[in-house]
Amino acid sequence: MMKKQITVGDVELKWDLETGEVLFDGGDVVFFWISAMETFFDTIREISGTEATKLVLETTGFRQGVIVGQGFLHMKNINTSNVVEWLSNTYAPAGWGKVRIVKMDEEAKHFTLHIQDDWEYKMNQQKQKGLEGIFVPSHYAGVLTGLFGTNFWYKTIQYQNEENSYSIVEYYPSDITVQSNIHEMSRKQEASKIRELERMVDEKTLMLQNLVKEISSPIIPVLENIVVVPMIGSYDEERSEDLIHNTLSELPRHQAHYLLLDLTGLNKQISEHTARLIDKLGASARLLGIETILVGVSPELAMVIIQSDNNLNKFECLQSLQHGIYYALGKSGRSIS
């Protein structure tokens, strides 16, 4: 019988298996409990976010389906020949709407289901959320897994909406499992956190690089027409270009006649690259009419300068910054008194 009506106490229950309707005192029985499920789903979504919620609902629906499938397998001895009738007759009376297997490949165990007016669809439509079904389609994948002892997965071809009167879902044996999906989600979250940390590191590194550029080779106008540039640490290609660009840009602004390169902060062993940098900077300054003086030359640096392939001894070399300032003042006809 496709229609059934019974009265229990003062409550009247009606079933229509053709449409999948279950009525409770004239009202849709589903609406008596979907508000509670809606609160449950919304809470998960609020705590976990959209992507994690999909995984939670999919996993829960699937695992519940496995329990149902395994239970009915032992009770009803379900197989591919009677699963079509069993599935429809079992879920419609429980308020899960109308579900039909419309296509079945017994050998490959491929099933195509039409799912109509299930409780998840009604729940999503109740507040016009437009959400797509997750729990119910995955539940049937679990049911088939429990029935046949083979892991099934699914693909939703069409969702029920204003244009479509039912959902179309394909089911097939697959290596995809809820466990693999959970692991994949964990890997995505870990990768996301790693990318965020890398972004923060890159951001902080850039800030430090900019700070180093600002403080590593400051241009100090100590007296009128006399500018000091302390050279600190080692210089790679990028730092070298920054030093030359910044120095040559600032010298005219300070109306410099003398550039004192303070080598005190350099490593005791000047590399060939640093020596070429000093030579290039001094030659560039000379083209602007500015004399370059090397100060802070230790005995060790003096030996390196002498042995260097670059002719750094063409520059005036003095032991300390103080000597360099006195020298520049003397050449310009001034003195400190």
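At position 22 of the sequence shown (counting the first as 1) the number is 14 in our numbering, and the numbers step up by one without a gap. Ideal Cβ placement from N, Cα and C applies to all residues, glycine included.
Practice task
Using beta-carbon positions only, say whether Y158 and H102 come within less than 7 Å of one another.
Solution key: By 1-based counting over the sequence shown, the position of residue 158 is 166. By 1-based counting over the sequence shown, the position of residue 102 is 110. 7 Å or more divides the Cβ of Y158 from the Cβ of H102.
Exercise for the section: Mind the definition here: the segment 126 to 134 touches the segment 176 to 187 only if three or more C-beta pairs lie below 8 Å; say whether that holds. Expected result: Three or more beta-carbon pairs separated by less than 8 Å are not found between the segment 126 to 134 and the segment 176 to 187, which leaves the two stretches without contact.
Exercise for the section: Can you tell me the Cβ-Cβ gap for L252 and V289, rounded? I've got them flagged as a contact below 8 Å. Expected result: The residue given as residue 252 occupies position 260 in the sequence shown. The residue given as residue 289 occupies position 297 in the sequence shown. About 12 Å; that fails the 8 Å criterion.
Handout entry: Nearest to P85 (by Cα), restricted to the options N173, K(-4), H66 and R268
Key = The sequence position of residue 85 within the sequence shown is 93, counting from 1. The residue from N173, K(-4), H66 and R268 with its alpha-carbon nearest to that of P85 is K(-4).
Exercise for the section: State the CB to CB distance for the pair I218 and A320, rounded to an integer number of angstroms; the pair is presumed to be in contact (CB under 8 Å). Expected result: One-based indexing of the sequence shown puts residue 218 at position 226. One-based indexing of the sequence shown puts residue 320 at position 328. In this structure I218 touches A320 by the C-beta definition: roughly 5 Å separates them, less than 8 Å.
Handout entry: P85 in three-state terms, based on DSSP
Key = Indexing the sequence shown from 1 puts residue 85 at position 93. In the structure shown, P85 sits in coil (DSSP, three-state: anything other than H, G, I, E or B).
Practice task
Taking 8 Å as the threshold, find out whether the segment 225 to 237 comes into contact with the segment 261 to 270 through three or more Cβ pairs.
Solution key: Yes: at least three Cβ pairs fall under 8 Å.
Problem - Strand pairing of T148, partner residues [DSSP] - result: Within the sequence shown, residue 148 is the residue found at index 156, counting from 1. Beta-bridge pairing links T148 to V161.
Handout entry: Unbroken beta strand (DSSP E) run spanning G257, endpoints
Key = For the purposes of this step, residue 257 is taken as the residue at position 265 of the sequence shown. Looking at the DSSP string, the run of the beta strand (DSSP E) that includes G257 is Y250 to L258.
Practice task
Alpha carbon to alpha carbon, how far is Q314 from L203? Give it in angstroms, no decimals.
Solution key: On the sequence shown, position 211 is the one that residue 203 refers to. On the sequence shown, position 322 is the one that residue 314 refers to. Roughly 28 Å between the two C-alpha positions.
Problem - I107 (DSSP reduced to helix, strand or coil) - result: Your numbering for residue 107 matches position 115 in the sequence shown. The answer is strand: DSSP assigns I107 an E or B state.
Problem - Distance, T82 Cα to G61 Cα - result: Here residue 61 corresponds to residue number 69 of the sequence shown, with the count starting at 1. Here residue 82 corresponds to residue number 90 of the sequence shown, with the count starting at 1. Roughly 11 Å between the two C-alpha positions.
Practice task
Pull up the distance between the alpha-carbon of S178 and that of V58, whole angstroms please.
Solution key: Against the sequence shown, residue 178 aligns to sequence position 186. Against the sequence shown, residue 58 aligns to sequence position 66. Near 23 Å, if we compare the C-alpha coordinates of V58 and S178.
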